[in-house]
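Residue numbering for the sequence shown follows full-length UniProt numbering, beginning at 1 and increasing consecutively.
Glycine included, every Cβ here is placed at the ideal spot set by N, Cα and C.
It should be emphasised that the depicted structure is a prediction, and the values quoted were computed from it without experimental measurement.
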Amino acid sequence: MKIDARTLPRVTRDPGAWRVILLHGEDTGLIRERAQDAVKQIAGSVDDPFRVAVLDKETHDRLEEEATAFSLMGGRRAVRVRDAGDGLLKAVTQVLEQNTDTLVVLEAPGLPSRSKLRALLEKHPDCASVGCYPEEGRTLEATITQMLASHSVRIDQDALHWLTGRLGADRGAARSEVEKLALYAGDSGTLSLDDVHVCIGDAGSVSVEDAAFAATEGRRTEADLAIERALAEGISPIAIARTFLSHLHRLRRVRAAMADGASRSDAIKGLRPPVFFKRTNSFNRAVELWPLPALTKAVQETQALELSCKQTGAPDALLCKRFVAGLAARAVLASRR
């Protein structure tokens with residue numbers, strides 16, 4: 001059965017209602033998290049040697065054997081299969097034809113929509129096919145708030161907006177940063193914007209922010225170094241494109257407000273989250289350099305960059321570097337006029 005956002009709670013609340021759960025999509029951290037949660041609900045832990053079997057690519061041939069084995073200690077078993085793909089179609093079909101209550105959890109990042117395995121499980125009433133894609137916007141804000149609430153920690157709205165724009169697209173990395181913030185806040189604490197800056201100021205995403213500010217100011221060398229550092233720190237090209245898009249959108253909002261008669265100072269003060277005080281001069285300089293039509297065009301080009309980075313086999317890191325260089329070059333030309 002194909003699972004959408006409305007029916008997802010059926011899977012997360014009661015994974016035992018299914019025989020096979022297929023987790024596919026772009027967010028490997030979310031796939032891993034949901035797989036662990038499902039296995040833990042069935043077996044009580046993720047590493048019980050009597051009730052949990054974990055198969056990697058080299059041991060896929062043991063799937064049918066593990067899925068039909070009985071638990072020596074009683075209770076329902078779970079088989080967690082990593083790097084699943086269409087090569088498992090025959091084994092999964094044979095498992096479904098047998099009388100076994102073992103839950104099979106398939107982790108399949110990047111599985112294409114035309115996959116035969118995915119087609120089989122989306123049609124089978126006792127199987128769940130769950131897409132795991134990077135969260136953004138209000139959905140990501142809700143997830144962050146929920147993660148912090150589990151530690152009895154609250155977060156100010158400005159801090160939440162800033163954090164949402166800085167976290168990468170991977171659920172695992174996002175959870176790691178949120179848990180660090182919860183530890184910083186302590187039980188029943190509240191996180192301010194300054195708290196978030198202090199706690200995750202050394203995160204790789206800040207390198208992307210450095211690149212965005214430097215590029216829109218025309219500081220080509222600094223922008224190039226920052227984007228190289230971000231890529232080396234594991235920030236995905238898609239996350240880089242989204243950070244640049246957020247920065248350009250904020251510049252465009254200021255320019256649009258100014259076009260409607262607002263002063264630059266009032267337009268910048270109206271941004272939420274506010275511009276971090278250490279970046280105020282840089283932001284003001286970029287506002288001076290970029291007219292509204294140029295920002296509109298840059299936003300469109302950044303959206304196109306994200307789409308290009310999502311194409312299979314695309315040289316996404318190279319595309320990001322070329323985009324940053326081009327943006328900085330246009331800022332330099334604007335500064336000479």
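- In the displayed model, V153 falls within coil according to three-state DSSP, outside both helix and strand.
- A159 is a Cβ neighbour of L191, given a cutoff of 8 Å.
- Nearest Cα to F50 within the set I42, R77, T68 and Q36: R77.
- In the DSSP assignment, G29 falls within the unbroken alpha helix (DSSP H) covering T28 to A43.
- Remark: C-beta atoms of V39 and G218 do not approach each other more closely than 8 Å.
- Looking from the CA of R255, the closest CA among H151, A294, T164 and A119 belongs to A294.
- Taking a cut-off of 8 Å for Cβ pairs, the segment 230-241 and the segment 266-275 do not touch, as fewer than three such pairs fall below it.
- Taking 8 Å as the cut-off, the Cβ atoms of A241 and W290 do not count as close.
- In the three-state reduction of the DSSP assignment, S129 falls in the strand class.
- In the DSSP assignment, V81 is bridged to L55 and L106.
- Take the alpha-carbon of I238 and the one of E301: they are about 13 Å apart.
- For V20, the secondary structure class from DSSP, reduced to helix, strand or coil, is strand.
- For K321, the enclosing alpha helix (DSSP H) begins and ends at D316 to S335.
- Between A182 and V153 the beta-carbon gap is near 5 Å, inside 8 Å, which marks them as a contact.
- V54 and D27 have their C-alpha atoms spaced approximately 20 Å apart.
- Annotation for L251: the continuous alpha helix (DSSP H) segment containing it runs P237 to A259.
- E177 sits close to I200, with the two beta carbons spaced by under 8 Å.
- Beta bridge pairing from DSSP links G25 with P109.
- Only residues of its own chain outside the window of five on either side were considered, and among them S115, K116 and L117 have a CB closer than 6 Å to the CB of D86, listed in chain order.
- Under the DSSP assignment, T68 falls outside any alpha helix (DSSP H); it carries neither an H nor an E label.
- The Cβ-Cβ distance between A67 and T102 falls below 8 Å.
- In this structure, A286 lies near L251, with their beta-carbon atoms less than 8 Å apart.
- Taking all protein chains in view, the Cβ of E209 is crowded by 16 or more other Cβ atoms within 10 Å, so the residue is classified as buried.
- For A232, the enclosing alpha helix (DSSP H) stretches over residues R220 to A232.
- Per DSSP, reduced to three states, the secondary structure at K269 is helical.
- Bridge partners of T190 according to DSSP: R154.
- Apart from sequence neighbours up to five positions away, the residues of its chain that approach L96 with a beta-carbon distance below 8 Å are R19, V20, H124, D126 and C127, ordered along the chain.
- For the set P112, R322 and R80, the Cα lying nearest the Cα of E33 is the one of R80.
- For the 8 Å CB-CB criterion, E65 and A84 do not form a contact.
- Between T216 and H247, the C-beta gap is smaller than 8 Å, which places the two residues in contact.
- V198 counts as exposed, since fewer than 16 other C-beta atoms from the protein chains shown sit within 10 angstroms of its C-beta.
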